[in-house]
Amino acid sequence: MSWTGQLYSKAFHDIGDFHLRENDYAFGDRKFGGNAQSITKSRWIHHTSFLWDYDVRNMSYLKHPTKAPEYRLARHHTEFLCPMKDCLPSRTSFIDRTITSVATHFYLKRVLLHDVISNPSSETPFHHTSTLLSKQELEFVLASQISSSIP
Numbered sequence: 147m148s149w150t151g152q153l154y155s156k157a158f159h160d161i162g163d164f165h166l167r168e169n170d171y172a173f174g175d176r177k178f179g180g181n182a183q184s185i186t187k188s189r190w191i192h193h194t195s196f197l198w199d200y201d202v203r204n205m206s207y208l209k210h211p212t213k214a215p216e217y218r219l220a221r222h223h224t225e226f227l228c229p230m231k232d233c234l235p236s237r238t239s240f241i242d243r244t245i246t247s248v249a250t251h252f253y254l255k256r257v258l259l260h261d262v263i264s265n266p267s268s269e270t271p272f273h274h275t276s277t278l279l280s281k282q283e284l285e286f287v288l289a290s291q292i293s294s295s296i297p
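When the letters of the sequence shown are read in order and numbered with my numbering, they come out as residues 147 to 297.
Structure representation (structure tokens):
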């Protein structure tokens with residue numbers, strides 16, 4: 147997770163007190179984004195959810211989580227969360243800052259969605275990396291897991 151913290155620290159270098167805290171992105175001690183990762187033998191997925199804005203009235207529906215980061219300090223949602231709209235002028239600004247930061251680590255090429263959809267044989271074809279398993283394949287995997295778990 148530290149690499150994403152470094153990436154976003156460049157994007158937010160002049161805004162508040164940005165930190166990667168446990169699995170969260172925070173300005174100071176207030177969370178504005180959360181992360182999750184799934185790592186398997188040959189696949190890795192990193193997912194981030196950013197909180198641009200929220201309706202304070204909806205916070206009353208949320209229960210206090212049973213598992214919370216230490217820095218939350220048992221604070222209510224409205225004291226713990228920070229909407230990004232309070233720190234950035236626009237969503238476009240956030241996107242532009244993120245693209246600029248990512249470009250310091252990766253080669254980026256702007257492509258129009260229409261071009262990708264209408265020309266699937268373009269120079270950057272989409273390669274499926276996951277396949278849907280058949281019922282027979284699922285049954286085989288399940289049977290092998292059950293037999294390997296029996297002592």
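Note that beta-carbon positions come from the ideal geometry of N, C-alpha and C, so glycine has one too. All figures in this text were calculated on a predicted structure; none of them were measured in a lab.
Residue i burial status per 10 Å Cβ neighbour count (16 or more: buried)
i      : result
Phe178 : buried
Arg256 : exposed
Phe286 : exposed
Arg203 : exposed
Arg218 : buried
Leu259 : exposed
Phe252 : exposed
Sequence-distant residues of its chain with Cβ nearer than 8 angstroms to residue i (five each side left out)
i      : result
Phe164 : Tyr154, Ser155, Phe158, Tyr171, Ala172 and Phe173
Leu279 : Val287
Ala220 : His210 and Ala214
Cβ-Cβ separation, residue j to residue i (assumed contact under 8 angstroms), whole Å
i      : j      : result
Asn169 : Gly180 : 6 angstroms
Same chain, Cβ closer than 6 angstroms to residue i, neighbours up to 5 away in sequence not counted
i      : result
Thr244 : Ala157
Leu208 : His223
Leu166 : Gly151
His298 : Look at the range of the chain in this structure, 147 to 297, and you will see that residue 298 is not part of it.
Ser184 : Ile191
Option nearest residue i by Cα separation, candidates the options
i      : options                           : result
Glu225 : Asp160, Trp149, Ser290 and Arg176 : Arg176
Ala182 : Pro215, Met147 and Met205         : Met147
Cys228 : Thr212, Ser195, Thr246 and Thr250 : Ser195
beta-carbon residue i near the ligand COA non-hydrogen atom, thresh 8 angstroms
i      : result
Glu216 : The model depicted lacks the ligand COA and carries no ligand whatsoever.
Check your understanding: With a cut-off of 8 angstroms, do at least 3 Cβ pairs link the stretch 199-206 to the stretch 221-235?
Key -> A contact exists between the stretch 199-206 and the stretch 221-235.
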